[in-house]
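Chains as they are written, first to last, in my numbering: chain A, 1 to 254; chain B, 1001 to 1121. A virtual CB, placed ideally from N, CA and C, is assigned to each residue, including glycine. Small disclaimer: the values here were computed from a predicted structure and weren't measured.
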Amino acid sequence: MALSEDGPGNGGDPPQVRALEAQLERERAEGRERERQMERYASDLSETFRAERRRSDQLRDSYVATVRALTNAVEARDAYTGKHAERVAAYGLELARRISPALAADPQTEFGFLLHDVGKVAIPDGLLHKAAQLTPDEEALMRRHPEIGAEIVSHVEFLGAAAITVRHHHERFDGGGYPDGLAGADIPLAARIFAVADALDAMTTDRPYRPGSSFSEARREIAAGAGRQFDPEVVAVLDTIDDDEFDRLRAKIG
Amino acid sequence: MAAVLVVDDDPFIRQLIASTLEDTARDRPTEAGDGIEALEAFEREQPQIVFMDLSMPRMGGLEAVRRVRSSAGIQPTIVMLTAFAGDENERAAEEAGADLFLTKPFSPLELLNLVHDLQPR
Chain A
1 MALSEDGPGN GGDPPQVRAL EAQLERERAE GRERERQMER YASDLSETFR AERRRSDQLR
61 DSYVATVRAL TNAVEARDAY TGKHAERVAA YGLELARRIS PALAADPQTE FGFLLHDVGK
121 VAIPDGLLHK AAQLTPDEEA LMRRHPEIGA EIVSHVEFLG AAAITVRHHH ERFDGGGYPD
181 GLAGADIPLA ARIFAVADAL DAMTTDRPYR PGSSFSEARR EIAAGAGRQF DPEVVAVLDT
241 IDDDEFDRLR AKIG
Chain B
1001 MAAVLVVDDD PFIRQLIAST LEDTARDRPT EAGDGIEALE AFEREQPQIV FMDLSMPRMG
1061 GLEAVRRVRS SAGIQPTIVM LTAFAGDENE RAAEEAGADL FLTKPFSPLE LLNLVHDLQP
1121 R
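Take a look at the structure:
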């Protein structure tokens, strides 16, 4: 230390020098105190960040659980589709990851996929399960389910953009879909991805009146609809994903 | 929301406490650099919570606490800023009339929780 008796600042120095050295030592001590204090702030900040992160993960888990419960309640009415929404969500997210990682990472995308048919709660059982051809009136009522679904979802604060997918999940790339007859890029991307994922699952799932097709058959059929029912870019991305990958996703859902 | 007075001879520590409490206390806390300034600010602002450093020029924390405690009027909660938990300085501060202790370097979360818990509901 500069203040030690045998150091350069020994007793032979004038009082002003000793006073300056004492001052310097006080300032150094103050500097060390400030430094320790800032380290304490930094450690509290990272602790707070971790705690906040845990809480937001828990919150996200409970959102997902809520959405799944709602999805299952909707699907329980339809014996054929069992877990259709979960499979569509898995296929759709796989497509989305290769088209827009940001879109895939947004929980609203998965929520929209899962809840696409929530508006069917407003469709009477007799109509939902009718085997015969629907009358024009019945058809018109059936076609209202995307709007009704979007309306339901829009009342849930944490389901923001999901409502957009719900509303537009029956649009067609050529503009021939409903409810708004949007075409091309006017259809939200998540809804364009949904259309492909939905068709893929519908074609590959067994029905009472026909067995499900293979993924490669479904792929060919979807490719034939590129530019008409489906966005050609989404169809092109579908071709980059192996059948094995879809098998794996389907097996995981069970 | 409570009014807060922060007394410390290091302006850095003072401002740090004041900024940390900005959204939790009633207004941005009042600052004082020694015991004499603290007594003036105490008269003027009538704070409900006082953070008080121990060693300061002109008048130290113990003397300032004794004078606040011997004054008439509404008494604040006094939080003593100390270097070590449970040492003789804390005992002296307690005798002088301090209510709580915050050990330096203090945890900002502890500081915020302390003020939050002292808020009138």
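Do we get a CB-CB distance below 8 Å when we pair E52(A) with the residues of chain B?
Closer than 8 Å: no.
Within 8 Å (strictly less), CB to CB, does P1011(B) reach chain A?
No, its Cβ sits nowhere closer than 8 Å to a Cβ of chain A.
Determine the direct distance from the alpha carbon of I222(A) to that of D198(A), and round the result to whole angstroms.
For D198(A) and I222(A), the distance between alpha carbons rounds to 11 Å.
Determine the contact status of H116(A) and T165(A), defining contact as a CB-CB distance below 8 Å.
The answer is yes: Cβ separation under 8 Å.
For E30(A), return the contacting residues in chain B, with the cut-off set at a CB-CB distance below 7 Å.
Those within 7 Å of E30(A) in chain B are D1010.
When you check each C-beta in the stretch 229–252 of chain A against every C-beta of chain B, which residues fall closer than 8 Å?
Per Cβ criterion, the list is empty.
Chain-ordered chain A contacts of L1109(B) [CB-CB under 8 Å]
Simply D44, E47, T48.
Along chain B, which residues have their Cβ under 8 Å away from the Cβ of E33(A)?
Listed along chain B are D1010, I1013, K1104, P1105, each with a C-beta nearer than 8 Å to that of E33(A).
Thinking just about the alpha-carbon of each residue, which of L1081(B), E1043(B), A1032(B), V1050(B) is nearest to the one in G1073(B)?
Taking each of L1081(B), E1043(B), A1032(B), V1050(B) in turn and checking the Cα distance to G1073(B), the smallest one comes out for E1043(B).
Closer than 8 Å is the cut-off here; do at least three beta carbon pairs connect the stretch 1052–1062 of chain B with the stretch 1006–1026 of chain B?
Taking one beta carbon from each stretch, the stretch 1052–1062 of chain B and the stretch 1006–1026 of chain B have 3 or more pairs nearer than 8 Å; the two touch.
Hey, is the stretch 144–154 of chain A in contact with the stretch 116–133 of chain A, meaning 3+ C-beta pairs nearer than 8 Å?
Segments in contact, yes.
Starting from the beta carbon of Q23(A), find every residue of chain B whose beta carbon is closer than 7 Å, and list them in chain order.
Here the premise fails: no neighbours, minimum Cβ distance about 12 Å.
Can you tell me whether F1101(B) is helix, strand or coil according to DSSP?
Strand at F1101(B).
DSSP three-state assignment for E5(A), whether helix, strand or coil
Reliability of the predicted coordinates at E5(A) is poor, the pLDDT of 49 falling under 50, and the value obtained from them is presented with this limitation in mind. Per DSSP, reduced to three states, the secondary structure at E5(A) is coil, with no helix or strand assignment.
Under the DSSP definition of a beta bridge, which residues are partnered with R210(A)?
According to DSSP, which records beta bridges pairwise, R210(A) is partnered with R207(A).
Best match in V118(A), Q229(A), V235(A) for proximity to L159(A) [C-alpha to C-alpha]
Per the Cα distances, V118(A).
Nearest residue (CA-CA) to A163(A), options G92(A), R50(A), G112(A)
Closest by alpha carbon: G112(A).
I want to verify the contact list: residues of chain A whose CB lies under 7 Å from the CB of L1016(B), in sequence order.
Near L1016(B) (Cβ distances below 7 Å), the residues of chain A are Q37.
Per-residue DSSP class, three states only, for V1079(B)
The answer is strand: DSSP assigns V1079(B) an E or B state.
Comparing the C-beta of R26(A) with each C-beta of chain B, is any distance below 8 Å?
No, R26(A) does not count as interfacial toward chain B.
Coarse secondary structure for T240(A), derived from DSSP in three states
It is coil, neither helix nor strand.
Which of helix, strand or coil DSSP assigns to V156(A):
In this structure, V156(A) counts as coil in the three-state DSSP scheme.
So, is the C-beta of R55(A) closer than 8 Å to a C-beta in chain B?
Not flagged as an interface residue toward chain B: R55(A), since no C-beta distance is shorter than 8 Å.
Tell me, which residues are paired with D1053(B) by DSSP?
L1081(B).
Starting from A185(A), follow the beta strand (DSSP E) in both directions and report where the run begins and ends.
Where A185(A) is concerned, there is no enclosing beta strand (DSSP E), because DSSP gives it neither an H nor an E.
Cα-Cα separation, G1061(B) to G1035(B)
G1061(B) and G1035(B) have their C-alpha atoms spaced approximately 6 Å apart.
Is it right to say V17(A) is buried, meaning 16 or more other beta carbons lie within 10 angstroms of its own, or is it exposed?
Counting Cβ neighbours within 10 Å, V17(A) comes out exposed, since fewer than 16 surround it.
Chain B residues whose Cβ lies nearer than 7 Å to that of Y63(A)
What Y63(A) touches in chain B: nothing, since even the nearest Cβ is about 27 Å away.
What do you reckon, are the CB atoms on F1101(B) and E1090(B) nearer than 8 Å?
Result yes, Cβ atoms of F1101(B) and E1090(B) sit closer than 8 Å.
Which first and last residues belong to the alpha helix (DSSP H) in which T165(A) is found?
Its alpha helix (DSSP H) spans residues 162–168.
Give a yes or no on contact between the stretch 225–245 of chain A and the stretch 103–111 of chain A, applying the rule of three or more CB pairs nearer than 8 Å.
Short answer: they don't touch.
How is the beta strand (DSSP E) around V64(A) delimited, first residue to last?
Careful: V64(A) lies outside any beta strand (DSSP E), inside the alpha helix (DSSP H) at 15–75.
Cα-Cα separation, E1094(B) to A102(A)
Taking the straight line joining both Cα atoms gives about 57 Å.
C-alpha distance - P1120(B) paired with A1092(B), whole-angstrom precision
Each residue's alpha carbon lies about 28 Å from the other.
With 7 Å as the limit, tell me which residues of the stretch 82–98 of chain A have their beta carbon closer than that to any beta carbon of chain B; keep them in chain order.
Taking 7 Å as the Cβ-Cβ cut-off against chain B, none of the residues of the stretch 82–98 of chain A qualify.
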